[in-house]
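Visitor: Below you'll find the structure I mean.
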Amino acid sequence: MATTAASPSAAASASSTAFQAPPIPTTWRSSLNAWFRGVQRDTAAAELHLYSMSTPYFRSATLDNAPNAPLDVAHAAAAGKVSGGGHATDLDTDGHAGRATTGAELAADGKVGSIRLVDIGPERHKKPISGIGSWLGRKETPRLVNMLEIGTPQTRESEEKVILLHGYGAGTAFYFQNLEAISQHPNSRLYALDWLGMGRSARVPFDVPKSAQANTDTRVEAAESFFTDSLEDWREVMGLEKMTLVGHSLGGYLSIAYTLKYPERVNRLVLISPAGIGADPDRGEETFAPKNEAKQEHDTHSSRQREWSGNTELSNSEPDAVVAEVRTQQADVAPSTSTMAAEDARRVAEKAEAAGKKASEGTSAKDDGEYQHNPPPRLGKRRRQILTTLWDANFSPFGLLRNSFFFGPMLAGRYTSRRFGALSDEQLRTMHSYTAGIFMARGSSEYALAHLLAPGAYARKPMVDRIAPIKVPVSFMYGEHDWMDIQGGKEAVQRLKDAGNAHGSVFCVPHAGHHITLDNPRASNTLIRKILLGQADVAAKEGRRLRVGSGFSSDSETI
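Numbered by full-length UniProt numbering, the letters in the sequence shown go through residues 1 to 559 in order.
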């Protein structure tokens with residue numbers, strides 16, 4: 001069916017949904033009203049609105065305006081019903097896969113977007129319900145993965161399949177400012193997934209059997225497998241052969257875990273402020289090396305970690321890092337454009353003076369961690385003990401929101417207003433509607449965190465000790481004000497190099513915290529695109545400077 005192509009600028013400025021995000025609750029009364037109204041009511045509409053505001057791929061889209069089908073079928077149906085589509089209902093995580101939300105017009109690049117739930121089938125190695133449960137008619141919760149797809153209606157085998165994977169407790173719409181840039185990677189198709197049990201995917205029961213909790217190895221393997229197997233099941237359902245994984249935070253950790261388990265399915269890893277990379281410098285002899293090597297490995301790692309970071313008191317900040325993300329204000333890490341420009345100019349001048357070079361010569365991929373400085377807030381001993389106890393008890397911060405009842409929307413609003421305060425008013429209100437909905441949805445795979453990470457956000461099985469077998473290119477991205485330590489990425493690249501993989505690189509994005517892609521989307525988008533094109537690999541291997549145009553007044557970003 002023939003369709004007209006819309007220009008990106010026109011599509012981005014025209015929101016095809018009538019969604020108007022309500023004000024963010026700031027008082028108990030407004031929070032009560034939001035709670036009675038239903039915080040999950042607007043989640044799907046908010047997600048679509050964020051995409052419609054920022055990309056040209058959902059022009060004339062309305063919620064549930066197409067069948068839940070491959071993109072060519074869904075787009076053809078949406079294009080034939082530009083004025084139709086019916087009234088949308090939000091995600092039913094206990095029900096069927098429902099319908100798709102699809103752009104009715106192609107963008108100028110010939111691509112279109114679609115959001116739909118993909119049924120990935122029953123859980124592997126799990127027995128079906130039997131006994132009393134089957135007599136009572138109890139059914140398994142369908143394993144539905146919320147998927148955003150951006151591509152041409154017809155798929156091509158030669159396309160690079162890029163998979164964007166979010167972090168802990170988040171969702172795909174956190175990356176609304178990055179989707180168009182990543183989608184413009186040549187000859188590619190973008191899929192952005194909500195992890196099973198998070199975002200708008202089905203909230204299936206999560207449990208690590210007691211038998212698997214006997215030791216750290218089996219405990220971590222069971223928790224990782226919940227995610228990696230669901231990703232593999234999704235890949236099989238979609239019929240993809242190989243994928244490029246772009247993972248943020250916990251999504252970065254799980255991308256590595258998937259690659260270790262299914263190495264033949266991965267082309268490249270792009271890890272954005274990944275969790276669980278570096279080891280706890282004070283983990284002592286409780287290491288995963290053989291017992292007779294444990295002490296030596298611990299001493300070597302600790303001295304190297306302190307040498308790189310220049311910090312001899314790393315042990316004092318472990319639980320403190322956990323609250324760093326909650327306390328961070330976006331205005332502190334992503335200031336105004338004029339402030340950014342002045343800071344960039346100062347940095348370039350200082351570097352040029354120190355090196356005896358002109359300020360216009362660019363930046364280096366070798367000195368990428370020079371400007372990372374975001375020490376986590378210090379907490380008192382008692383508060384640290386409380387946080388550690390709650391962590392070990394698998395306490396979920398989202399459980400706090402759910403159990404706060406009508407105070408929940410206001411508490412969620414305080415977080416979104418602080419952490420995403422640099423967004424425009426409309427973007428911020430829409431982001432709050434989206435985040436409040438997914439934060440307060442039924443608990444599920446959020447409970448995996450304590451099985452994967454120890455108090456202080458150190459991995460129970462650090463990826464720096466496991467990454468060596470990976471043979472594909474691996475790029476690490478950290479924010480200048482990131483509470484994830486860039487030194488873990490540097491050591492991981494060294495481990496890869498020692499194992500024969502010279503295609504590892506580390507970059508630090510200025511004016512950004514842990515949410516790099518939200519805090520500095522222009523620089524992070526450009527860097528991701530250069531990584532996907534292989535330019536970062538070449539620059540890192542040859543040790544030359546990587547120039548990344550920022551859109552600011554300075555010639556290049558410090559990356």
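Glycine included, each C-beta is placed from N, C-alpha and C at the ideal position.
Only a predicted model underlies this, so the values are computations on that prediction, with no experimental measurement involved.
Which residues does DSSP pair with arginine 116 in a beta bridge?
Guide: Translated into positions along the sequence shown, residue 116 becomes position 116. Note: arginine 116 sits in a beta bridge opposite Met147.
Visitor: What is the DSSP secondary structure of leucine 63, counted as helix, strand or coil?
Guide: The residue given as residue 63 occupies position 63 in the sequence shown. Correct three-state label for leucine 63: coil.
Visitor: Which residues in the same chain have their Cβ closer than 7 Å to the Cβ of lysine 212, if we skip the five residues on either side of it in sequence?
Guide: For this step, residue 212 is matched to residue 212 along the sequence shown. The sequence as given places alanine at residue 212; lysine does not occur at that position. If we look at alanine 212 and ignore the five residues flanking it on each side, its Cβ neighbours are Thr218, Arg219 and Ala222.
Visitor: Which residue or residues does DSSP assign as beta-bridge partners of methionine 243?
Guide: For the purposes of this step, residue 243 is taken as the residue at position 243 of the sequence shown. Note: methionine 243 sits in a beta bridge opposite Val266.
Visitor: So isoleucine 438 and arginine 200 are in contact, right, with Cβ under 8 Å, and what is the actual spacing, rounded?
Guide: On the sequence shown, position 438 is the one that residue 438 refers to. On the sequence shown, position 200 is the one that residue 200 refers to. Correct: roughly 7 Å between the Cβ atoms.
Visitor: With DSSP run on the structure shown, which of helix, strand or coil describes phenylalanine 407?
Guide: Numbered from 1 along the sequence shown, position 407 holds the residue referred to as residue 407. In this structure, phenylalanine 407 counts as helix in the three-state DSSP scheme.
Visitor: Among Gly171, Ile256 and Met410, which residue has its Cα nearest to the Cα of asparagine 33?
Guide: Residue numbering aside, residue 33 sits at position 33 when the sequence shown is read from its first letter. Ranking the options by Cα distance to asparagine 33, first place goes to Met410.
Visitor: How many whole angstroms separate the CB atoms of leucine 532 and methionine 477, which I take to be in contact at a CB cut-off of 8 Å?
Guide: Walking along the sequence shown from the start, residue 532 turns up at place 532. Walking along the sequence shown from the start, residue 477 turns up at place 477. So it is not a contact: roughly 12 Å between Cβ atoms.
Visitor: Run the CB neighbour count on arginine 143, radius 10 Å, all protein chains shown included, and call it buried at 16 or more, exposed below.
Guide: Numbered from 1 along the sequence shown, position 143 holds the residue referred to as residue 143. With 16 or more Cβ atoms within 10 Å of its Cβ, arginine 143 is classed as buried.
Visitor: So valine 112 packs on proline 153, CB below 8 Å; how close in whole Å?
Guide: Numbered from its first residue, the sequence shown carries residue 112 at position 112. Numbered from its first residue, the sequence shown carries residue 153 at position 153. With 8 Å as the limit, valine 112 and proline 153 qualify as a contact, their Cβ atoms being about 6 Å apart.
Visitor: Would you mind giving the Cβ-Cβ distance between methionine 147 and isoleucine 277, rounded to the nearest angstrom? I have them listed as a contact below 8 Å.
Guide: The residue you call residue 147 lines up with position 147 of the sequence shown. The residue you call residue 277 lines up with position 277 of the sequence shown. Not really, about 27 Å apart at Cβ, beyond 8 Å.
Visitor: For phenylalanine 19, which residues from the same chain have a beta carbon less than 6 Å from its beta carbon, with the 5 sequence-adjacent residues on both sides left out?
Guide: Counting from 1 along the sequence shown, the entry for residue 19 is found at position 19. Cβ neighbours of phenylalanine 19 beyond the five flanking positions: Ala45 and His49.
Visitor: Consult DSSP for histidine 503 and reduce its assignment to one of helix, strand or coil.
Guide: For the purposes of this step, residue 503 is taken as the residue at position 503 of the sequence shown. The answer is coil: DSSP assigns histidine 503 none of H, G, I, E or B.
Visitor: Run through the DSSP bridge pairs and tell me what leucine 164 is partnered with.
Guide: By 1-based counting over the sequence shown, the position of residue 164 is 164. According to DSSP, leucine 164 bridges with Ala192 and Val246.
Visitor: Just the C-alpha distance for threonine 228 and tyrosine 253, rounded to the nearest angstrom, thanks.
Guide: The residue given as residue 228 occupies position 228 in the sequence shown. The residue given as residue 253 occupies position 253 in the sequence shown. Threonine 228 and tyrosine 253: Cα-Cα distance of roughly 11 Å.
Visitor: Using 8 Å as the threshold, is the region 259 to 270 in touch with the region 449 to 459, meaning 3 or more CB pairs across them?
Guide: Because the criterion of three Cβ pairs below 8 Å is not met, the region 259 to 270 and the region 449 to 459 do not touch.
Visitor: Please classify tryptophan 28 as buried or exposed, where buried requires at least 16 neighbouring CB atoms within 10 angstroms.
Guide: Here residue 28 refers to the residue found at position 28 when the sequence shown is read from its first residue. Result: exposed.
Visitor: For glycine 479, which of helix, strand or coil comes out of DSSP?
Guide: The residue given as residue 479 occupies position 479 in the sequence shown. Glycine 479 falls in the strand class under three-state DSSP.
Visitor: Quick one: grab the DSSP three-state call for leucine 496.
Guide: To locate residue 496, count along the sequence shown from 1; it is residue 496. In the structure shown, leucine 496 sits in a helix (DSSP, three-state: H, G or I).
Visitor: Let me know if valine 237 comes out buried or exposed under the rule of 16 or more other beta-carbons within 10 Å of its beta-carbon.
Guide: The residue given as residue 237 occupies position 237 in the sequence shown. With fewer than 16 Cβ atoms within 10 Å of its Cβ, valine 237 is classed as exposed.
Visitor: Under a Cβ-count criterion, where at least 16 other Cβ atoms within 10 Å of its own Cβ denotes burial, should lysine 161 be classed as buried or exposed?
Guide: The residue given as residue 161 occupies position 161 in the sequence shown. It counts as buried.
Visitor: Does DSSP classify serine 445 as helix, strand or coil?
Guide: Looking up residue 445 in the sequence shown gives position 445. The answer is helix: DSSP assigns serine 445 an H, G or I state.
Visitor: When the Cα atoms are used, what is the spatial distance from valine 407 to glycine 421?
Guide: To locate residue 407, count along the sequence shown from 1; it is residue 407. To locate residue 421, count along the sequence shown from 1; it is residue 421. Looking at the sequence shown, residue 407 is not valine but phenylalanine. Approximately 20 Å between the Cα atoms of the pair.
Visitor: For glycine 110, which residues of its own chain have a beta-carbon under 6 Å away from its beta-carbon, when the five flanking residues on both sides are left out?
Guide: One-based indexing of the sequence shown puts residue 110 at position 110. Excluding residues within five positions, the ones whose Cβ falls inside 6 Å are Thr152.
Visitor: Do serine 249 and alanine 275 have their beta-carbon atoms positioned less than 8 Å apart in this structure?
Guide: Along the sequence shown, one-based indexing puts residue 275 at 275. Along the sequence shown, one-based indexing puts residue 249 at 249. Yes, the pair counts as a contact, with Cβ atoms nearer than the cut-off.
Visitor: Between alanine 450 and alanine 170, what straight-line distance do the alpha-carbon atoms span, to the nearest angstrom?
Guide: Counting from one through the sequence shown, the residue named residue 450 turns up at place 450. Counting from one through the sequence shown, the residue named residue 170 turns up at place 170. In a straight line, the C-alpha of alanine 450 is about 17 Å away from that of alanine 170.
Visitor: Among Ser31, Leu106, Ala181 and Arg37, whose alpha-carbon lies nearest the alpha-carbon of alanine 523?
Guide: Numbered from 1 along the sequence shown, position 523 holds the residue referred to as residue 523. Of the listed residues, the one whose Cα sits closest to alanine 523 is Ala181.
Visitor: Contact check, methionine 198 vs serine 445 under 8 Å by CB: the rounded distance?
Guide: Taking the first residue of the sequence shown as 1, we reach residue 198 at position 198. Taking the first residue of the sequence shown as 1, we reach residue 445 at position 445. Confirmed, about 6 Å.
Visitor: Is the beta carbon of histidine 515 sitting closer than 8 Å to the one on tryptophan 483?
Guide: By one-based count along the sequence shown, residue 515 stands at place 515. By one-based count along the sequence shown, residue 483 stands at place 483. No; because the gap between Cβ atoms is not below 8 Å, this pair is not in contact.
Visitor: Excluding five sequence neighbours on each side, which residues of the same chain lie with their C-beta closer than 6 Å to the C-beta of alanine 436?
Guide: Position 436 of the sequence shown, counted from the start, is the residue given in the question as residue 436. The residues are Val39, Pro409 and Ala412.
Visitor: Give me whichever residues DSSP pairs with leucine 254 in a beta bridge.
Guide: As a position in the sequence shown, residue 254 is number 254, starting the count at 1. Looking at the DSSP assignment, leucine 254 forms no beta bridge with any residue, so it has no partner.
Visitor: Look at glycine 247 and leucine 271 and say whether their C-beta atoms are less than 8 Å apart.
Guide: For this step, residue 247 is matched to residue 247 along the sequence shown. For this step, residue 271 is matched to residue 271 along the sequence shown. Result yes, Cβ atoms of glycine 247 and leucine 271 sit closer than 8 Å.
Visitor: Quick check: the Cα distance between glycine 167 and glutamate 159, rounded to an integer number of angstroms?
Guide: Taking the sequence shown and counting its residues from 1, the one referred to as residue 167 is at position 167. Taking the sequence shown and counting its residues from 1, the one referred to as residue 159 is at position 159. If I take the Cα positions, the gap works out to 26 Å.
Visitor: Shortest alpha-carbon distance to aspartate 537 belongs to which of Val509, Ala502, Pro521 and Asn520?
Guide: Residue 537 sits at position 537 when you count from the first residue of the sequence shown. Measuring from the Cα of aspartate 537, the nearest candidate turns out to be Ala502.
Visitor: Provide the residue span of the alpha helix (DSSP H) that contains leucine 423, from first to last.
Guide: By one-based count along the sequence shown, residue 423 stands at place 423. Segment: none, leucine 423 is in no alpha helix (DSSP H) and carries neither H nor E.
Visitor: Have a look at Gln487, Arg37 and Lys541 and flag the residue whose alpha-carbon is nearest the alpha-carbon of proline 281.
Guide: Position 281 of the sequence shown holds residue 281. Ranking the options by Cα distance to proline 281, first place goes to Gln487.
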